Amino acid sequence: MPDFFIDLAVPNTVDRVFTYSVPAHLRPLARPGVRALAPFGKKTVAGIVVATSASSDVRGIRGILDIIDEEPVIGEELMKLAGWMSGYYHAPIGEALRPMLISGFTGVGKATVRSSVEVTPELILGLARSPLQQSVMRHLSGTPKAAVSTLRKALDSGSIYPALHELRRKGFVTIDEERAYAGDAAKVEPVIVVDGDAATKWRAWLEVNGDNRRTSKQAAIVRALAAMDPATVTTAELIREHDLSPAALKSLAGKQVVTIASREVVRDGSSAGEHREEHRDFKLNVHQSAALSAILEPVESGTFAAFLLWGITGSGKTQVYIEAIARALELGRSALVLVPEIALTPQTVGRFRRRFGDRVVMFHSRMSRGERYDAWRLARDGRYSIVIGPRSAVFAPLARLGLIVVDEEHEPSYKQYDQSPRYHARDAAVVRGSLAGATVILGSATPSIESFSNALSGKYHLVELPERADGAQLPAVTIVDMVAERKKKFEAYRAVRKEEFKVDALAAKLSMKKFEHGSISDLLRERITDRLQKKEGIIILQNRRGFSAYIECRECGKVEMCDRCQISLTYHRPQKHLRCHYCGSVKTPPLFCGECGAGDLLYLGLGTQKVEEELRAAFPSAAVDRMDLDTTSRKGSHAGILNRFAGGEVDILLGTQMIAKGLDIPRVTLVGVISADTQLLLPDFRSAERTFQLLTQVAGRSGRRKIPGEVIIQTMQPLHPTMQDVARHDYRKFYDDEIRYRKDLGYPPFTRITLLEYSGEKEEDVRKAAESAAATMRKSCGPAAVMGPSPAALPKIRDRFRWHVVIKSPKGGDPSGSLLSGHLAGLAPPRQRTVRMTIDTDPQSLM
Numbered sequence: 000m001p002d003f004f005i006d007l008a009v010p011n012t013v014d015r016v017f018t019y020s021v022p023a024h025l026r027p028l029a030r031p032g033v034r035a036l037a038p039f040g041k042k043t044v045a046g047i048v049v050a051t052s053a054s055s056d057v058r059g060i061r062g063i064l065d066i067i068d069e070e071p072v073i074g075e076e077l078m079k080l081a082g083w084m085s086g087y088y089h090a091p092i093g094e095a096l097r098p099m100l101i102s103g104f105t106g107v108g109k110a111t112v113r114s115s116v117e118v119t120p121e122l123i124l125g126l127a128r129s130p131l132q133q134s135v136m137r138h139l140s141g142t143p144k145a146a147v148s149t150l151r152k153a154l155d156s157g158s159i160y161p162a163l164h165e166l167r168r169k170g171f172v173t174i175d176e177e178r179a180y181a182g183d184a185a186k187v188e189p190v191i192v193v194d195g196d197a198a199t200k201w202r203a204w205l206e207v208n209g210d211n212r213r214t215s216k217q218a219a220i221v222r223a224l225a226a227m228d229p230a231t232v233t234t235a236e237l238i239r240e241h242d243l244s245p246a247a248l249k250s251l252a253g254k255q256v257v258t259i260a261s262r263e264v265v266r267d268g269s270s271a272g273e274h275r276e277e278h279r280d281f282k283l284n285v286h287q288s289a290a291l292s293a294i295l296e297p298v299e300s301g302t303f304a305a306f307l308l309w310g311i312t313g314s315g316k317t318q319v320y321i322e323a324i325a326r327a328l329e330l331g332r333s334a335l336v337l338v339p340e341i342a343l344t345p346q347t348v349g350r351f352r353r354r355f356g357d358r359v360v361m362f363h364s365r366m367s368r369g370e371r372y373d374a375w376r377l378a379r380d381g382r383y384s385i386v387i388g389p390r391s392a393v394f395a396p397l398a399r400l401g402l403i404v405v406d407e408e409h410e411p412s413y414k415q416y417d418q419s420p421r422y423h424a425r426d427a428a429v430v431r432g433s434l435a436g437a438t439v440i441l442g443s444a445t446p447s448i449e450s451f452s453n454a455l456s457g458k459y460h461l462v463e464l465p466e467r468a469d470g471a472q473l474p475a476v477t478i479v480d481m482v483a484e485r486k487k488k489f490e491a492y493r494a495v496r497k498e499e500f501k502v503d504a505l506a507a508k509l510s511m512k513k514f515e516h517g518s519i520s521d522l523l524r525e526r527i528t529d530r531l532q533k534k535e536g537i538i539i540l541q542n543r544r545g546f547s548a549y550i551e552c553r554e555c556g557k558v559e560m561c562d563r564c565q566i567s568l569t570y571h572r573p574q575k576h577l578r579c580h581y582c583g584s585v586k587t588p589p590l591f592c593g594e595c596g597a598g599d600l601l602y603l604g605l606g607t608q609k610v611e612e613e614l615r616a617a618f619p620s621a622a623v624d625r626m627d628l629d630t631t632s633r634k635g636s637h638a639g640i641l642n643r644f645a646g647g648e649v650d651i652l653l654g655t656q657m658i659a660k661g662l663d664i665p666r667v668t669l670v671g672v673i674s675a676d677t678q679l680l681l682p683d684f685r686s687a688e689r690t691f692q693l694l695t696q697v698a699g700r701s702g703r704r705k706i707p708g709e710v711i712i713q714t715m716q717p718l719h720p721t722m723q724d725v726a727r728h729d730y731r732k733f734y735d736d737e738i739r740y741r742k743d744l745g746y747p748p749f750t751r752i753t754l755l756e757y758s759g760e761k762e763e764d765v766r767k768a769a770e771s772a773a774a775t776m777r778k779s780c781g782p783a784a785v786m787g788p789s790p791a792a793l794p795k796i797r798d799r800f801r802w803h804v805v806i807k808s809p810k811g812g813d814p815s816g817s818l819l820s821g822h823l824a825g826l827a828p829p830r831q832r833t834v835r836m837t838i839d840t841d842p843q844s845l846m
């Protein structure tokens, strides 16, 4: 028989695949997308088959041990997407495949096998043509279940899965995969089938045993079953509702008086945290109808096309998505909807379920492992037609994909930033759409500069929604100069304490340090009071969590820093601790300065906890709720907060950026932004873009129905062009200014940026590695600009020093990035083994 080989991707950081030979009896199962067991050094690993071939030049090839799956767990479309991700984002193919599996590569070998039938001599004899199948069934005749690894050893057979799959097809066994991981197998519950034949048998049994005192508990069960209409009842329900004996039921099953079977239970994590929203009858306006008409052309022809749906806040983008998906489903195709935040998933699921019922499932990291497994498996099997979730949902194993929606496409949370592959879900969605022949809709009121440039150049089709869907007007925006506000309040403060200021300069200085003007301007306070009287909803944005941003010594100026990161610690008052928002470490706030010993410590900066305290003090009769990472860690917490606010139980919803996106709550008529400068002054070329997007998005939560809305933005930079563009709701003006700035300085979309990050515990080793890489890239990259190396803006995180090299490659001579990828592929790893190199293509931040 001719030779047969596979290339196997294994879960490690080596950027290559490994070639193995395939024994003859496993060849029918060996194809791309299935998992295989193979020797790897001194251990056995599971990998994904990525290719097959009839020949190989590799020497010393070892053979695989087994093929685990009958059918590919990763389809052809996702295999190609993983290949693209591996090349574009410089990730090993094993790492690119990992997020496409619900449990990665883990758990194999922990599978268990159970007999589904009574093992009789006749059954064993009928398997004479397969001695291995006979051996499996003989082994199971003496035990209710066995681990696959145990069977393999007991039967001295390396390849056992083909025999198990055949026995499963015959109905003789069931295979539970990865039982070592809770939830990584279908959940089943024991049930009793109540039908006419069973009822006849029970009546006969009662005639003989019904009056026997020794079987009274069993008779109670049989009477309860006989009184039921034909149905299926779970054993748990039967025992609980009739207060019956589990032991008696087990005895009846042993006597075959009742037959206990198994029924799958679908673990649905959607309903528990679903956001309730008022029901509305939608009718598309002229702009929505035109946008939908354009989008449906490629949907109906089954061809790839990418659209940028640019619609102002409240313009009804979601309804366009829904109508487009409805048509895709009519054509027998499926749909994928990406949202930027887990907080938006329950609300979006609620909207879609009202239209599409139980064909919708959500998928995100806050679901239990079992819920995610069921969502992944049933989407693959066609039970669900629509998957909704954040960035990892882009890998949902939907078949016949017809439409992909990326809502709020501009959001940086679509970028995977903390592990390989560092993919951008928006870009991966466009590539997946091209592979599937699906239509891709990128929706936003404030598109990313790159996407809007792609639309203007014709790479994407631009469709616009310039008006709010229900005829409402965009809210009026007022900019409050907080520098002038502080001066005004200080003058009032000094007038009250004028005698203190007359004493001497030191007394005046101490009095000035005691001055605190609060975070709420007079105008915002006035508007909040007005809305509370009218029983209207108020949203307050402060895009920094915690109580105080940092603690500073009044005497020497020392700031409390994280011991592991070169970053200030944030004070959290409820927990009474300092916390690092990068490594998560906590410590008790000091009573005295560690530098000079002074006990006069200032709690400076504004976090959501401090603003919450001010709001409660200023408006004691108002119900205030806070929504940030500290209050939404529990499952269903997002939906709970939103439901209370939407229902009027909460007057003021305070939060970080998670409250700025996608929320459609009619009662909101006022939005206040406490500190609009949080992102504006960061040392990153996207800082103005991020600020414009955040402020415009949160402003769009106000006045979304007939009651006019208002927005109060507090800033130290009132004349900054970005603030003025926000006040005018003028995205096009902002884009025109920003694109000129990007072109002058050579930033995207005119260049492709790659960030090389070197990190390690010894800064000198990190610096040398970064310098070597920069020198290498300057020699090989031609027209690309290589900047650095230099310490990162956050030079130390989790005890590791960080140095950056930034490469700006003009797109004109290398539009696909393939030339730059070739140069990066040739970049040698650091000589110092303790130094880690990370390649981040299209980084969303240079911090």
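According to numbering that gives the first Met the number 0, the sequence shown is numbered sequentially starting from 0.
Just so it is clear, CB atoms sit at the ideal spot from N, CA and C, and this is done for glycine as well.
Values in this document were obtained by computation on a predicted structure and should not be read as measured data.
Discussion item. Just to confirm my understanding: we take Q678, look at its own chain, exclude 5 residues before and 5 after, and list those with CB closer than 8 Å. What are they?
Written reply: N542, S686, R689, T690 and L693
Discussion item. Cutting at 6 Å between CB atoms, please list the residues of its own chain near A252, excluding the five before and the five after it.
Written reply: I259
Discussion item. Using C-beta distances below 8 Å, list every residue in its chain close to M560, excluding the 5 sequence neighbours before and after it, in chain order.
Written reply: I566, S567 and L568
Worksheet item: Taking Cβ positions, are V386 and A395 nearer each other than 8 Å?
Response: yes
Worksheet item: Are the segment 476-486 and the segment 692-711 touching by the rule of at least three beta carbon pairs closer than 8 Å?
Response: yes
Worksheet item: Buried or exposed: which applies to C579, given that a residue is buried once 16 or more other Cβ atoms fall within 10 Å of its Cβ?
Response: buried
Worksheet entry | Buried/exposed call for H274, threshold 16 Cβ in 10 Å | Note that H274 scores a pLDDT of 49, beneath 50, so its modelled location is shaky; the value from the coordinates is reported in the next line. Its Cβ being crowded by 16 or more others within 10 Å, H274 is buried.
Worksheet entry | Proximity to L823 [Cα-Cα], best of V232, D14, V9 and C592 | D14
Worksheet item: Going by DSSP, which residues form a beta bridge with H803?
Response: E756 and S789
Practice prompt. Pick helix, strand or coil for E240, following the three-state DSSP scheme.
Written response: helix
Discussion item. Assuming H571 is part of the beta strand (DSSP E), what are its boundary residues?
Written reply: T569 to H571
Fill in: Beta-carbon proximity check, L224 vs V193, cutoff 8 Å
yes
Worksheet item: Between G74, P345, L641 and D2, which lies nearest to D56 when the distance is taken from Cα to Cα?
Response: D2
Item to complete: Identify whether G356 lies in helix, strand or coil by the three-state DSSP scheme.
Response: helix
Worksheet item: Can the beta-carbon of I640 be found less than 8 Å from the beta-carbon of I539?
Response: no
Worksheet entry | As assigned by DSSP and simplified to three states, the class of R625 | strand
Worksheet item: If you drop the 5 nearest sequence neighbours on each side, which residues of the same chain put their C-beta closer than 6 Å to that of A271?
Response: Legend: pLDDT at A271 = 47, less than 50; position of this residue unreliable, value from coordinates given subsequently. Once the five neighbours on either side are set aside, the close Cβ partners of A271 are G635.
Worksheet item: Got a sec? Which residues, its chain only, sit under 8 Å from D627 by beta carbon, not counting five neighbours each side?
Response: R544, T607, G654, T655 and M657
Worksheet item: Cβ atoms of R741 and G816: under 8 Å apart, would you say?
Response: no
Worksheet entry | Rounded separation between R847 and R332 - CA only | One cannot answer for residue 847 here, as it falls past the ends of the chain, which runs 0 to 846.
Discussion item. Using 8 Å as the threshold, is the C-beta distance between G32 and I47 below it?
Written reply: yes
Discussion item. Which runs of the alpha helix (DSSP H) at least 4 residues long sit entirely within the segment 706-775? Give them in chain order.
Written reply: 720-726 and 730-744
Practice prompt. May I have the straight-line CA-CA distance separating A617 from A437, to the nearest angstrom?
Written response: 53 Å
Item to complete: Sort out for me which residues DSSP pairs S333 with in a bridge.
Response: L400
Item to complete: Could you work out which residue in V172, T111 and V405 is closest to S148 when comparing CA atoms only?
Response: T111
Worksheet item: Residues in its own chain within less than 6 Å of R700 by CB, not counting five upstream and five downstream?
Response: I538, L662, V667 and V670
Discussion item. At the level of alpha carbons, what is the spacing between T43 and E70?
Written reply: 21 Å
Fill in: Reference D426, options D417, E449 and I664, closest by Cα
E449
Worksheet entry | Ranges of the alpha helix (DSSP H) found wholly within the segment 608-678, counting only runs of at least 4 | 636-645
Practice prompt. Indicate whether the contact test is met: 3 or more Cβ pairs, each with one atom in the segment 61-79 and one in the segment 417-425, closer than 8 Å.
Written response: no
Practice prompt. Whole angstroms is fine: what's the gap from K488's alpha carbon to S620's?
Written response: 25 Å
Worksheet item: With DSSP run on the structure shown, which of helix, strand or coil describes A444?
Response: coil
Worksheet item: For D6, does the three-state DSSP call read helix, strand or coil?
Response: strand
Worksheet item: Distance, Cα to Cα, E763 vs V785?
Response: 21 Å
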